[in-house]
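Worksheet: the structure to be examined is printed underneath.
In the working numbering, the protein residues as written are 52 to 353.
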């Protein structure tokens, strides 16, 4: 049973932050995912190791235990550590129903212990609990996680993904309104017929900043429109709309467009709001006539 350097597997330093570990995991998991490498056994093995490494390093308690005992596993290798390990096969048992639940912790639950190596089970036990000893067979897996990146547009409208298992190909529906950290459960699609959980990661969008179901963006108007009033074109997730700009609008003034945010995941008819921060653009160059008019206006006290 060889020692596994989980930091090396994920390509991070031992002092790496949780965010650095998460980003490294997502990148490697996507690269080595079986769907991206059909028939590639080496990629499949890397994929298993990557998931195993992340399951440890993303959990503060498991990471601390690994840092303390990882390199010393031979000292207690004989304390009941299990023998040969069977990964099992990708399989689907039944209809592949899809449900959506909120995820409070990125990788909560037992995480499917049967998906991990003897080294992992020797350190963390068959249940992933506090004891470093094992007692015979590991507890059956209760779930298996995979990251799933989607765009903000896909999160707004909802989308589908094709999931290929050894048994069949299925279409998984990702409901509108999901957030980073949401999980989609696909019943029976994980190893040994256990459930598969797709952990959603909504990619950043240069147009919007998301805050729950609300969105924030900026719009720009010229100084004359800000002073005199008019309209500004604002981009929303559903297309461009006209925003009424009252006379005397100040720089960085925020306008609220009700119901123009993200749909609520459990009721897509219910939407958050879009908050628009207005930027006022001062002209760099003026014609002689414009300059004369502004200078004349400047003489008038407001």
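The beta carbon of each residue, even a glycine, is placed where N, CA and C say it ideally should be.
Nearest to residue i (by Cα), restricted to the options the options
i	options	result
residue 103	58, 314 and 270	58
residue 264	71, 54, 327 and 321	321
residue 266	78, 291, 323 and 97	323
residue 239	196, 107, 339 and 341	196
residue 278	337, 309, 313 and 345	345
residue 114	341, 96 and 72	72
residue 107	260, 227, 60 and 89	60
residue 250	288, 200 and 63	200
residue 66	292, 111, 219 and 340	111
residue 298	274, 343, 318 and 339	274
residue 327	91, 305 and 68	305
residue 303	219, 245 and 331	331
residue 268	280, 288, 82 and 219	288
residue 312	339, 98 and 258	258
residue 248	118, 95 and 198	198
residue 231	213, 205, 221 and 244	205
Residue(s) in a DSSP beta bridge with residue i
i	result
residue 259	256
residue 198	250
residue 85	Residue 85 is not bridged to any residue.
residue 221	214
residue 107	Partner(s): none; residue 107 has no beta bridge.
residue 226	According to DSSP, which records beta bridges pairwise, residue 226 is partnered with nothing at all.
residue 290	287
residue 271	330
residue 295	282
residue 315	318
residue 265	262
Residue i, buried or exposed, once every other Cβ within 10 Å from all chains shown has been counted against 16
i	result
residue 202	exposed
residue 105	buried
residue 55	buried
residue 283	buried
residue 309	exposed
residue 224	exposed
residue 233	buried
residue 348	exposed
residue 80	buried
residue 295	exposed
residue 300	buried
residue 211	exposed
residue 261	buried
residue 333	exposed
residue 314	buried
residue 101	buried
residue 318	exposed
residue 146	With a pLDDT of only 35 at residue 146, under 50, the local geometry of the prediction cannot be trusted, and no value is derived from it.
residue 246	buried
residue 219	exposed
residue 162	No answer about residue 162 holds up, because its pLDDT of 38 lies below 50 and its placement is not dependable.
residue 252	buried
residue 343	exposed
residue 75	buried
Supposed close pair residue i, residue j - CB separation, criterion 8 Å
i	j	result
residue 226	residue 209	5 Å
residue 272	residue 329	6 Å
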